[in-house]
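What follows is a single structure, written as structure tokens, with notes after it.
2 protein chains.
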Amino acid sequence: MILYRSMFRVFLAIALCVSTTTVYSEDGYQLWLRYNKLTDAATINQYKAYTQGIVLEKESPTLLLARQELQLALQGLLQTKVTFSNTFQGGGIIIGTPSSSGIIASLALSDKLKATGDEGFVIVQTRVKNKPCIVISANKDIGVLYGTFHFIRLLQTQQRIENIAITSAPAIKHRILNHWDNLDRTVERGYAGFSLWDWHRLPGYIDQRYIDYARANASIGINGAVLTNVNANAQILTEPYLKKVAALANVFRPYGIKVYLTARFSAPVEIGGLSTADPLDANVKAWWKKKIDEIYTYIPDFGGFTVKANSEGQPGPQNYNRNHADGANMLAEALAPHNGIVMWRAFVYSNEVPEDRAKQAYNEFKPLDGSFAKNVLVQVKNGPIDFQPREPFHPLFGAMPKTPLMMEFQLTQEYLGFATHLVYLAPLFKECLDADTYAKGKGSTVAHVVDGSLENHSLTGIAGVANIGNDRNWTGHPFAQANWYALGRLAWNPSLSSETVAEEWIRATFTNNEKSVHTLKDMMLASREVTVQYMTPLGLHHIMGWNHHYGPGPWIKDKPRADWTSVYYHQADENGIGFNRTATGSKALLQYTPEVQKIYSSLENCPEEYLLWYHHVPWNYKMKSGRTLWDELCHRYYQGADSVRRMQQQWSTLKGIVDEERFQQVSSLISIQHQEAIWWRNACVLYFQTFSKKDIPSGLEKPDQSLSYYQSLEFPFAPGIKPKW
Amino acid sequence: MILYRSMFRVFLAIALCVSTTTVYSEDGYQLWLRYNKLTDAATINQYKAYTQGIVLEKESPTLLLARQELQLALQGLLQTKVTFSNTFQGGGIIIGTPSSSGIIASLALSDKLKATGDEGFVIVQTRVKNKPCIVISANKDIGVLYGTFHFIRLLQTQQRIENIAITSAPAIKHRILNHWDNLDRTVERGYAGFSLWDWHRLPGYIDQRYIDYARANASIGINGAVLTNVNANAQILTEPYLKKVAALANVFRPYGIKVYLTARFSAPVEIGGLSTADPLDANVKAWWKKKIDEIYTYIPDFGGFTVKANSEGQPGPQNYNRNHADGANMLAEALAPHNGIVMWRAFVYSNEVPEDRAKQAYNEFKPLDGSFAKNVLVQVKNGPIDFQPREPFHPLFGAMPKTPLMMEFQLTQEYLGFATHLVYLAPLFKECLDADTYAKGKGSTVAHVVDGSLENHSLTGIAGVANIGNDRNWTGHPFAQANWYALGRLAWNPSLSSETVAEEWIRATFTNNEKSVHTLKDMMLASREVTVQYMTPLGLHHIMGWNHHYGPGPWIKDKPRADWTSVYYHQADENGIGFNRTATGSKALLQYTPEVQKIYSSLENCPEEYLLWYHHVPWNYKMKSGRTLWDELCHRYYQGADSVRRMQQQWSTLKGIVDEERFQQVSSLISIQHQEAIWWRNACVLYFQTFSKKDIPSGLEKPDQSLSYYQSLEFPFAPGIKPKW
């Protein structure tokens, strides 16, 4: 009956929202570009003072998009018809650049504009012909579009706009989504349906979704999209596919978004008919140069390549006894004349049975510092293992001063409950960005490494592995939209707080109801730590299910590689648990600066959230709480699962405030998350108990299933699994 | 620039349709349940006379859905608030059954209702307490829901409702969609995205889409859904998946939709741990009985199984030297106590190098007539080969009087341009349903075989292989929705004309503008014949691309089986082209009644649309047009391609009448269809020319590419390809 009731609620919600054009129910498709009627009368009146019209003097594809988006937003938010004109009638909003607008050229904005570069913008309230108006201006058209979206965001979030004076420019040059999308439309580690790219019907058929994807990215400043999986297929570089890519590039161009592709290093052999892909071979160089020149005939502003080489079985320069710089520079040289770049991933580990995985990227790349071409970025994951719920920052940050390092975050929740768990990732991103590398003394944060300020690099980038699919709401979980949003906002301005970003997103996406905004913010800000607790507390990591990575699998062992197992990472035994990475262990900690080492090296002082990352700790070890390690571990797991129940209660207070369809969606998802949190808790506690030989602390409910039950679970069709090829 | 312009048009369309609740653009998600404001004032006033309210005296899950849908429709179509109550206030619409409504019980409807059975309905205008009102009644709740949707359709299509008196009941008992959906969400021969069934998040997460899928089906009388691929995976029969299936069944139940699954014949071995799947083996029987009893504990109204056995490598009873009846009856026996049925597919052909594929189903099944259990339907494709653009009706229709035969149509356009070509399939369905088998003399149409009237079978069914995926508009091509719609309407009433069904769909989905309705109807009714002309004119068949079936491949030969090639079917040589299936050839024609044989047996009298299906014809043969066969073949191919251009011109007249988003979608799709029609034309004419050794008739433009170019095209990632396993 639960089900019937929920169905009726959805219907009722639909029935109650009859519009003049159509019957409509909210499905999340609009993302944060949701221009529903504002409710606060005072705010609406304040805004209406500026809705006499939109003035755009000279049109261009990008400026037209800005005007149309502004009209769309004002008409939706204020429920009033908004006209536009190419002359100033008095009042309203003037958009444009000094070169396209005589009015804007006549205003004294040049100093402000100087600071905003090619993508920044200036928004000011001023008077023209003695009439009050708002001016959105920039040096380039794309800046005007970014400024327009920023202004719309102010309205959506009900900010005061009197005397507004905003100057903004991005801290990072390349703000990019990486789509791990395959040509058959499966998405590696994708949990929101399948690929947006309908390759079969491209280039002839342009899905409205491509346009709305571009709108969403432009609204948060994302200016690049790598369309294909890092585990690349060379077919994407063949003529038929390049024509399809060009069609997407044509859609994205006016939104300021460049397309990038992944380059399969062995492409010269696979589609070029060569016998080698040796980066120093003249024929190989010639093939890539010709291929890259060809790409630019289809896509004049092609962005460049992301490359995963000599990693997890992918081909690379090491197959020919060359190093990563040899490979990257060969591609960079061919891209340079077109202003293209190479984003060469540092996520590598040797195929031989390795030493500590955490050390390998550093070992391979640090020696190459200074040997990369000017248009190469080395793309480094936030942590040294692989997108775990919590990792320390990657030791390469701060360790390659002569090389611009690009940040790679993962939005798709490969290790964080897929698209089923509510986990707001901005706190994870910020934890890494704000971490201090001490590379040049205190304040040498990862953010300053990435934004180039620490070593004065002008080539900078942040990439997010996309969590976007063809689910109607784009990301599967309505709240996962916030992680896409956060990536864009933080790449533009890494100093924004998780809280600010969350509040913007909540107001634009759900509601401006103050009490509910507060509740939602509280849920979101707590969610990542909650997930750490029920999955991998105290520094545990990489204990998930085999291959699909769904659910707990601390018992995983005896796989082709030790570092593909769980036992390798948690090292649990009768004495204790944890991976000793200090000077007495794998020495991974020694890859960091002495100041950082000092924080983690001693068992006594090591912050407990990283305890088992750096130390192998006796079960009886006394924790700060006074509990033994074993008791503390259990309490954290139980606390994590309990916190999801709290999240559930918080969400229930939004009934009737957020639309019924998304209310039901999230309610169902949180209850699945609660069941899966208990699953993680029980499976891990029961498994680790086989080593600790201790009881679950009294007062904590006993697991209702046996360890063998949890170990017996199989998920042959879990989504997002690596394709076979 | 084309692209920019089209993007702006879409935006403008969005900007101009501002509603009181939200900014909205039409994406086809609403299908034919589109309740936009009606435009004809007179009609609206006529309808408003009945909007005083909806009276539902006693609630039930299904009756509540009827009331909510009616409210939703009235409020949308008439843009007026519609209230409901459980007592008659005077006027309005009364819905219910005699047993749930005192008012309805009090009306003299019992005679009318008697004729409507368990699913039919009666809609009448009458007076209650001397107040005019409309009564929608039925014997069962589901009939009320069907009647409500029928009434809504009358409003959507602007029919007069004064003195309305409609009595309707379905001609076919089981009206079913077959989803060839795999558990990894790929869809075999699916071209509209991926599977609707998000198995990973079931049973906990109920997608709104499941509800809207059920609404759409109920609105056209579809009462069953086979959720999984006929190339079945036994995992669907395991407990975790049965719980997921049960969750879908719970959603569908109040809409009168039963769920069915495909049974992999070897399941007892694969998931049951038995050493055999021999249908006569006691352990195998016991296993299936236990499994089926288990299914009913989760899904008390489970519908039963569709089975593909001993076909294209699928396991079946013949692996154990048993026949199809042995296999079907074993399952039927276990299903019978639960009122479940078996739909056993007749699409079989031996694994040995065969004789004429067209003959094999008949050869295997006719001898089994009379040996199937009472709850078994034999499911027969409309034609003897495989869903070609045109085939004669299947010889089994009329040949198995003691066995209820179920029709299998294909909605997904495996051989008809995927989801890119506009092909309205009702004329194809009707051509088959109206064909006369002469099994019991003139008038023994296929429809009368299928509806049971010819041999007095009460167990009847029509299945459509679904063209539905997770594309936002469900079917990829907006017009492909009409094929889903047509299957439901024709399964309810096979005597409806293609034209009537098209007009209903057009008015509900696009517009009531009379001129445009006429244009759209003309496009749709012509579309199937147009496709036949540019793909397989004059009875040609099975000459498409290898494996993916995309595009032309008349040159396909040297494959594992002769009947998996094209040359096997067109038999082109220096002398002529076509497959002699007469008494002097494969004798396939002899499987039909003498009256049918007479129509096709002589080269002179054979209708030209089946000429090359039944005869091998010399290139110089004089056709009715006076042209030689070669010239006629060329002209048909060119005529087909030209007709697509005409379709393009017709569609262009709807600019500004249909919403901009769908206008752009269809415009792009028709131009792709035009390019692909020319591709088909050129590839086939150039290929057949290598045999005819004749010029393309003067006046017809020469192909711009060589035959070898067309033969060189490859499509490694064409959608819908069979999974490897």
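Each protein sequence line maps, in turn, to chains E and U.
Heads up: the first sequence begins at 640 in my numbering, then just goes up one per residue.
Heads up: the second sequence begins at 640 in my numbering, then just goes up one per residue.
Note that the Cβ used here is the ideal one computed from N, Cα and C, for glycine as well.
Bear in mind that the values here come from a model prediction, so they are computed numbers and not experimental data.
For residue i, which of helix, strand or coil comes out of DSSP?
i: E:Arg1284; result: helix
i: E:Thr660; result: Unreliable placement is indicated for E:Thr660, whose pLDDT of 35 sits below 50; the coordinate value is still reported in the next sentence. Residue state, collapsed to three classes: coil.
i: U:Gln1052; result: coil
i: U:Asp1090; result: coil
i: E:Asn817; result: strand
i: U:Gly667; result: coil
i: E:Tyr1276; result: helix
i: E:Phe1011; result: coil
i: E:Pro700; result: helix
i: E:Lys1081; result: coil
i: U:Phe1057; result: coil
i: U:Leu1016; result: strand
i: U:Leu655; result: Legend: pLDDT at U:Leu655 = 30, less than 50; position of this residue unreliable, value from coordinates given subsequently. In this structure, U:Leu655 counts as helix in the three-state DSSP scheme.
i: U:Leu876; result: helix
i: U:Phe650; result: For U:Phe650, the pLDDT reaches just 33, beneath the cut-off of 50, and the residue's location in the model is therefore unreliable, leaving the point undetermined.
i: U:Gln1166; result: Reading the sequence as shown, one finds Ser at residue 1166 of chain U and not Gln. In this structure, U:Ser1166 counts as helix in the three-state DSSP scheme.
i: U:Ser724; result: strand
Could you work out which residues of chain U lie near residue i, taking near to mean beta carbons separated by less than 7 Å?
i: E:Pro1358; result: His839
i: E:Thr936; result: Simply none; closest approach about 18 Å.
Do residue j and residue i count as a contact pair if the criterion is CB distance below 8 Å?
i: U:Trp1123; j: U:Leu1050; result: yes
i: E:His1254; j: E:Asn1219; result: yes
i: E:Pro1023; j: E:Ala1038; result: no
i: U:Ala1102; j: U:Val1085; result: no
i: U:Ala1065; j: U:Ser1137; result: yes
i: U:Pro809; j: U:Gly863; result: no
i: U:Ile762; j: U:Gly729; result: no
i: U:Asn1109; j: E:Asn1109; result: yes
i: E:Thr1158; j: E:Gln1120; result: no
What distance in whole Å lies between the Cβ atoms of residue j and residue i, which are believed to be in contact at a cut-off of 8 Å?
i: E:Ser699; j: E:Asp780; result: 5 Å
Going along chain E, which residues have a C-beta under 9 Å from residue i?
i: U:Arg1111; result: Tyr668, Asp846, Gln847, Arg848, Asn1109 and Arg1111
Which residues of chain E have a Cβ atom closer than 8 Å to the Cβ of residue i, listed in chain order?
i: U:Pro1355; result: Leu822 and Gln874
i: U:Ile1311; result: Arg840, Gly843 and Tyr844
i: U:Phe833; result: Arg824, Gly832, Phe833 and Asn1109
Compare the Cα-Cα distances from residue i to each of the options and report the closest residue.
i: E:Leu1164; options: E:Arg766, E:Val1062, E:Pro1246 and E:Lys883; result: E:Val1062
i: U:Ile811; options: U:Pro1336, U:Pro1355 and U:His1087; result: U:His1087
i: E:Gly667; options: E:Pro954, E:Glu1094, E:Glu951 and E:Phe1118; result: E:Phe1118
i: E:Gly952; options: E:Val987, E:Ala853, E:Leu670 and E:Leu1129; result: E:Val987
i: U:Val694; options: U:Ile734, U:Val826 and U:Ala1201; result: U:Ile734
i: U:Val1171; options: U:Val1297, U:Ile1195, U:His1187 and U:Tyr1054; result: U:Tyr1054
i: U:Leu752; options: U:Val774, U:Asn769, U:Ile732 and U:Gly731; result: U:Val774
i: U:Gly1009; options: U:Ala964, U:Glu1315, U:Asn978 and U:Ile762; result: U:Ala964
i: E:Lys768; options: E:Ser749, E:Ile742 and E:Ala777; result: E:Ile742
i: E:Thr701; options: E:Lys1041, E:Gly782 and E:Thr682; result: E:Gly782
i: E:Lys1069; options: E:Ala1125, E:Asn1112 and E:Leu1093; result: E:Ala1125
List the residues of chain U that residue i touches, going by C-beta distances under 9 Å, in chain order.
i: E:Thr1059; result: His839, Arg840, Gly843 and Tyr844
i: E:Leu1308; result: Arg840, Gly843 and Tyr844
What residues of chain U sit near residue i, judged by a beta carbon separation below 8 Å?
i: E:Glu1300; result: Gln847
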